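Visitor: Dumping the structure here so I can ask a few things about it.
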Amino acid sequence: MDRQERLNLVNQIFNLYVQCYAQKEEELTAHDLRSFEDLLVIAVEVMNDVKVFDQSVLNPFNFIQLQLTQFGLAKSPESKSLLAWQAKIYGKLGLTSLLTQACERISKSE
0 MDRQERLNLV NQIFNLYVQC YAQKEEELTA HDLRSFEDLL VIAVEVMNDV
50 KVFDQSVLNP FNFIQLQLTQ FGLAKSPESK SLLAWQAKIY GKLGLTSLLT
100 QACERISKSE
């Protein structure tokens with residue numbers, strides 16, 4: 000898959016994720032919520048496979064990955080998968096203080 004195809008796939012996944020939350024939240028089960036989180040994890044993984052040579056936060060692929068994890072954590076703050084991906088991205092970017100905070104959040108959620 001080339002970059003544009005990956006971006007299109009991530010866009011479709013994110014649109015599906017947003018549509019899932021457009022339902023009445025009281026009708027959603029715990030299984031539904033975990034499935035929604037999995038959608039974002041897949042989107043982050045798709046973005047992670049893009050070969051990027053600019054390892055800065057300003058790189059659009061890194062920025063999209065961070066925004067996907069932030070959006071998911073706003074809905075599911077205890078999601079270990081999203082927290083782990085966020086920590087991985089922070090580590091890749093050399094953001095040590097944010098990496099430490101993310102790791103602390105993971106250990107607190109256990």
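Numbering (numbering that gives the first Met the number 0), first residue to last: 0 to 109.
All residues carry an ideal CB built from backbone N, CA and C; glycine is no exception.
Note that this is a predicted model, so its numbers are computed, not measured.
1) Which same chain residues end up closer than 8 Å to R5 when comparing Cβ atoms and leaving out the 5 residues on each side of it in sequence?
2) DSSP three-state label for R76, please.
3) Taking L81 and V17 to be in contact with their CB atoms under 8 Å, please state how far apart those CB atoms are, rounded to whole angstroms.
4) Which residues mark the beginning and the end of the alpha helix (DSSP H) in which L57 is found?
5) Taking the CB atoms as reference points, tell me whether E36 and S96 lie closer together than 7 Å.
6) Please go through the same chain and pick out, in chain order, the residues whose beta-carbon is closer than 7 Å to the beta-carbon of A42, but skip the five residues on each side of it.
7) Using C-beta distances below 7 Å, list every residue in its chain close to C19, excluding the 5 sequence neighbours before and after it, in chain order.
8) Just list the alpha helix (DSSP H) runs in the region 1-50, keeping only unbroken ones of 4 residues or longer that don't cross its boundaries, in chain order.
Guide: Looking at the atomic coordinates:
1) Here residue 5 corresponds to residue number 6 of the sequence shown, with the count starting at 1. For R5, where only same-chain residues beyond five positions count, the Cβ hits under 8 Å are V45, M46, D48, V49.
2) Along the sequence shown, read from residue 1 onward, the residue named residue 76 stands at position 77. Here residue 76 turns out to be Pro, not Arg, going by the sequence shown. Three-state result, P76: coil.
3) Along the sequence shown, one-based indexing puts residue 81 at 82. Along the sequence shown, one-based indexing puts residue 17 at 18. Between V17 and L81 the Cβ distance is about 16 Å, and since that is not below 8 Å, they are no contact.
4) Position 58 of the sequence shown, counted from the start, is the residue given in the question as residue 57. L57 -> no alpha helix (DSSP H), and no H or E assigned at all.
5) The count along the sequence shown starts at 1 and reaches residue 36 at position 37. The count along the sequence shown starts at 1 and reaches residue 96 at position 97. Cβ atoms of E36 and S96: not closer than 7 Å.
6) Sequence index remark: in the sequence shown, residue 42 carries index 43 (1-based). Here the set comprises V9, I12, F13, L67.
7) Here residue 19 is taken as the residue at index 20 of the sequence shown, counted from 1. F35, listed in sequence order.
8) Secondary structure remark: continuous alpha helix (DSSP H) runs of at least 4 residues inside the region 1-50, in chain order: 2-20, 29-47.
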